[in-house]
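> For the record, the sequence lines run as chains A and B.
Per our numbering, residue 1 is the first one in the first sequence, and the count goes up by one each step.
Per our numbering, residue 1 is the first one in the second sequence, and the count goes up by one each step.
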Amino acid sequence: MINISEVIETNKMIEHENLDVRTITMGINLLDCADGNLDVLCQNIYYKITRLAKDLVQTGENISKEFGIPIVNKRISITPISLVGSSACQTPDDYVAIATTLDKCAKELNVNFLGGYSAVVSKGMTASDELLIRSIPKALAQTERICSSVNVGSTKTGINMDAVRLMGDIVCQTAQLTKERDSLGCAKLVVLCNAPDDNPFMAGAFHGVSEADAVINVGVSGPGVVKYALQQLQNADFELLCETIKRTAFKITRVGQLVAQEASRRLGVPFGIIDLSLAPTPAIGDSVADIIKEIGVEQAGAPGTTAALALLNDQVKKGGVMASSYVGGLSGAFIPVSEDQGMIDAVECGALSIEKLEAMTCVCSVGLDMIAIPGDTRPETIAGIIADEAAIGMVNQKTTAVRIIPVIGKTVGQSVEFGGLLGHAPIMPVNSFSCERFVNRKGRIPAPIHSFKN
Amino acid sequence: MNRTIITVVGKDTVGIIAKVCTYLADNNVNILDISQTIVQEYFNMMMIVDMARMKKPFEVAAGELAEIGKQLGVQVKCQREEIFDKMHRI
Chain A
1 MINISEVIET
11 NKMIEHENLD
21 VRTITMGINL
31 LDCADGNLDV
41 LCQNIYYKIT
51 RLAKDLVQTG
61 ENISKEFGIP
71 IVNKRISITP
81 ISLVGSSACQ
91 TPDDYVAIAT
101 TLDKCAKELN
111 VNFLGGYSAV
121 VSKGMTASDE
131 LLIRSIPKAL
141 AQTERICSSV
151 NVGSTKTGIN
161 MDAVRLMGDI
171 VCQTAQLTKE
181 RDSLGCAKLV
191 VLCNAPDDNP
201 FMAGAFHGVS
211 EADAVINVGV
221 SGPGVVKYAL
231 QQLQNADFEL
241 LCETIKRTAF
251 KITRVGQLVA
261 QEASRRLGVP
271 FGIIDLSLAP
281 TPAIGDSVAD
291 IIKEIGVEQA
301 GAPGTTAALA
311 LLNDQVKKGG
321 VMASSYVGGL
331 SGAFIPVSED
341 QGMIDAVECG
351 ALSIEKLEAM
361 TCVCSVGLDM
371 IAIPGDTRPE
381 TIAGIIADEA
391 AIGMVNQKTT
401 AVRIIPVIGK
411 TVGQSVEFGG
421 LLGHAPIMPV
431 NSFSCERFVN
441 RKGRIPAPIH
451 SFKN
Chain B
1 MNRTIITVVG
11 KDTVGIIAKV
21 CTYLADNNVN
31 ILDISQTIVQ
41 EYFNMMMIVD
51 MARMKKPFEV
61 AAGELAEIGK
71 QLGVQVKCQR
81 EEIFDKMHRI
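(1) By the 9 Å beta-carbon criterion, what residues does the segment 19 to 53 of chain B contribute toward chain A?
(2) Within the same chain, show all residues whose beta-carbon is closer than 7 Å to that of residue 48/A, passing over the 5 residues directly before and after it, in chain order.
(3) Starting from the Cα of residue 262/A, find the closest Cα among 275/A, 411/A and 216/A and give me that residue.
(4) What is the rounded straight-line gap between the Cα of residue 193/A and the Cα of residue 451/A?
(5) Flag this pair as touching only if the segment 242 to 254 of chain A and the segment 310 to 330 of chain A have three or more C-beta atom pairs under 8 Å; answer yes or no.
(6) Would you say residue 11/A lies against chain B (beta-carbon separation less than 8 Å)?
(7) Round the Cβ separation of residue 163/A and residue 152/A to the nearest angstrom and send it over; I've been treating them as touching at under 8 Å.
(8) Just the C-alpha distance for residue 121/A and residue 67/A, rounded to the nearest angstrom, thanks.
(9) Buried or exposed: where does residue 280/A fall if 16 or more other Cβ atoms within 10 Å of its Cβ makes it buried?
(10) For chain B, is any of its Cβ atoms less than 8 Å away from the one on residue 251/A?
(11) Give the secondary structure of residue 78/B by DSSP, where H, G and I count as helix, E and B as strand, and everything else as coil.
(12) Thinking residue 363/A and residue 283/A are a contact (beta carbons under 8 Å), I'd like their distance in whole angstroms, please.
(13) Can you check whether the C-beta of residue 86/B is within less than 8 Å of a C-beta belonging to chain A?
(14) On the DSSP letters alone, give me the boundaries of the beta strand (DSSP E) that residue 349/A sits inside.
(15) Can you give me the C-alpha to C-alpha distance between residue 117/A and residue 335/A, rounded to a whole angstrom?
(16) Is residue 160/A helix, strand or coil by DSSP?
(17) Could you tell me which chain B residues have their CB closer than 9 Å to the CB of residue 257/A, listed as they occur along the chain?
(18) Using the three-state DSSP reduction, which class does residue 416/A fall into: helix, strand or coil?
(19) Tell me which residues share the same chain as residue 197/A and place their Cβ nearer than 6 Å to its Cβ, disregarding the 5 neighbours each side in the sequence.
(20) Within the same chain, show all residues whose beta-carbon is closer than 6 Å to that of residue 423/A, passing over the 5 residues directly before and after it, in chain order.
(21) Which residues mark the beginning and the end of the alpha helix (DSSP H) in which residue 23/A is found?
(22) Taking the alpha carbon of residue 302/A as the reference point, which residue from 344/A, 273/A, 350/A and 315/A has its own alpha carbon closest?
(23) Drop a sphere of 10 angstroms on the beta-carbon of residue 126/A, count the other beta-carbons inside from all chains shown, and report buried for 16 or more, exposed for fewer.
(24) Grab me the residues of residue 19/B's own chain with a C-beta within less than 6 Å of its C-beta, minus the 5 sequence neighbours each way, in chain order.
(25) Just checking my contact of residue 149/A with residue 88/A at CB under 8 Å: how many whole Å lie between their CB atoms?
(26) Just to confirm the assignment: which complete alpha helix (DSSP H) runs, minimum length 4, are found wholly within the segment 88 to 168 of chain A?
(27) From residue 442/A to residue 167/A, what distance separates their C-alpha atoms?
(28) Taking a contact to mean a Cβ-Cβ separation below 8 Å, would you say residue 199/A touches residue 375/A in this structure?
(29) What are the residues in the segment 52 to 69 of chain B lying within 8 Å of chain A by C-beta distance?
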């Protein structure tokens, strides 16, 4: 039988160490909504989403109350819209109409975000993929809860450099169209390489074509719990350090597994995966950078950071895998800047640069995330940053992503406030040398060789 | 069986257990186990109870117990047992 010290430990994690379930995300297939008529398509989408997800938020809240564990977000991911809208949409504005419908669904259901305003163009772009991509700036400016993503490369296909170059423009246009809100639109737009089909986390969530009609995916969190566990160790050796991270990750993930199974049972929707991620928030003590510091690096970004992060990421997976029946999504430690107070501190004191963040993305989940850069950064430079990050993902057979925000009207030395879970960020300097000739070449970078690993 | 863990945390005072137990008895909730300890000068009590024969919905009982806690100046929480089982047992 459960004893009192175990009960106290669990409740201490929840009340003092920010343990929560970050998101219950319902993935919904919209391929069967497709129609040649835009109005009919929008209607089909509206009915399908509101029918399947009508009880999502209430169910999440009930589970949260019964188990005493906060469930921060309830979200929806959908089939990449470039596939669903291909026969109905003739112009970018047609796609914007779909975005508006999706936003209406999200608001009526009271979900926090709806992801999947997406295109998967890792090898080539169809005409409808390109229309959707060109509609992104307007779609994000006119909606509140829609998240957009574009997958521009993969280990199997190489990198679609035409799409990379286009995304440099799209990021800048999105920033421009949402400049009154500190270019907030870019916080809801991510460019991916090797995007997973079952990711529950935003902004990159979409419901891939390999998935069932509807599915429940859950993202766990808990950097604060790991940090607290490591605080008790002081100068323990690596063996004990790693064991402690694994044990803690196991406990965190078990809660996610329980919530996922309950949500799946109550909603009558199959359980998909648990995403084993350490997802920070701007709350004090809920920081991945603080764990790095606890491992023994003075500030995130100092020498040793990449190794410490590699160790952390691997142990979180090792502990989490045993706690869950199915693991997927992004699974790893997230290192966003604006959403992590420890990262913000590291940037402000000069310890952390974009180049070091890029190195860190080689060993952990995702990539350059929630980084504010000067508003006058050129589209070609942004395309170059995207290409670099995609190359890391392609060669290392992992997911990488870029979610950077060129904040229009601001420059290095200033900062930007996004509010809520998106946090705030100092504007970081970007290398000012040009990559224009490189990114303006047409075509794609071939897939990498899969042997002779060096 | 519908096993639930009730925890009471706060400054020790007269009648905490009595008040909580009276509420449970009035609502047909059977107490399976009680233990208590002092952590950092705070009174910590844990009850394992069976709510299978309770008529009220879970969230109503949880709300009413929290209210009783407020009157006593302590925090009373109700959580289904599975969260602890899952976390601490393989």
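All residues carry an ideal CB built from backbone N, CA and C; glycine is no exception.
As the structure is a computational prediction, the values presented were derived from the model and not from experiment.
According to the structure shown:
(1) Of all residues in the segment 19 to 53 of chain B, 32, 33, 35, 36, 37, 39, 44, 45, 46 and 48 have a Cβ within less than 9 Å of some Cβ in chain A.
(2) Result list for residue 48/A: 28, 30 and 33, in chain order.
(3) Of the listed residues, the one whose Cα sits closest to residue 262/A is 216/A.
(4) Rounded to whole angstroms, residue 193/A to residue 451/A spans 20 Å at the Cα level.
(5) The segment 242 to 254 of chain A, when compared against the segment 310 to 330 of chain A, does touch it at the 8 Å Cβ threshold.
(6) For residue 11/A, the answer is yes, since a Cβ of chain B falls inside 8 Å of its Cβ.
(7) So it is a contact: roughly 4 Å between Cβ atoms.
(8) Rounded to the nearest angstrom, the two C-alpha atoms are 41 Å apart.
(9) Residue 280/A should be labelled buried.
(10) So, interface residue.
(11) In the three-state scheme derived from DSSP, where H, G and I count as helix and E and B as strand, residue 78/B is classed as strand.
(12) With a beta-carbon spacing of about 25 Å, residue 363/A and residue 283/A fall beyond the 8 Å limit used to define contacts.
(13) True, the Cβ-Cβ gap to chain A drops below 8 Å.
(14) Premise fails: residue 349/A is in no beta strand (DSSP E) and is neither H nor E.
(15) Put simply, the backbone Cα of residue 117/A is about 23 Å away from that of residue 335/A.
(16) In the structure shown, residue 160/A sits in a strand (DSSP, three-state: E or B).
(17) Near residue 257/A (Cβ distances below 9 Å), the residues of chain B are 86.
(18) It is a strand residue.
(19) Same-chain partners within the cutoff: 208, 210 and 211.
(20) Cβ neighbours of residue 423/A within its own chain (closer than 6 Å, five residues either side excluded): 282, 338 and 339.
(21) No alpha helix (DSSP H) contains residue 23/A, which is instead part of the beta strand (DSSP E) from 21 to 28.
(22) Cα-wise, what sits closest to residue 302/A is 350/A.
(23) Within a 10 Å sphere around the beta-carbon of residue 126/A sit fewer than 16 other beta-carbons, which makes this residue exposed.
(24) Taken in chain order, the residues that qualify are 68.
(25) Not really, about 21 Å apart at Cβ, beyond 8 Å.
(26) Within the segment 88 to 168 of chain A, the complete alpha helix (DSSP H) runs of at least 4 residues fall at 92 to 109 and 127 to 142.
(27) For residue 442/A and residue 167/A, the distance between alpha carbons rounds to 14 Å.
(28) In this structure, residue 375/A does not lie closer than 8 Å to residue 199/A by Cβ.
(29) If the cut-off is 8 Å between Cβ atoms, the segment 52 to 69 of chain B has 58, 59 and 62 near chain A.
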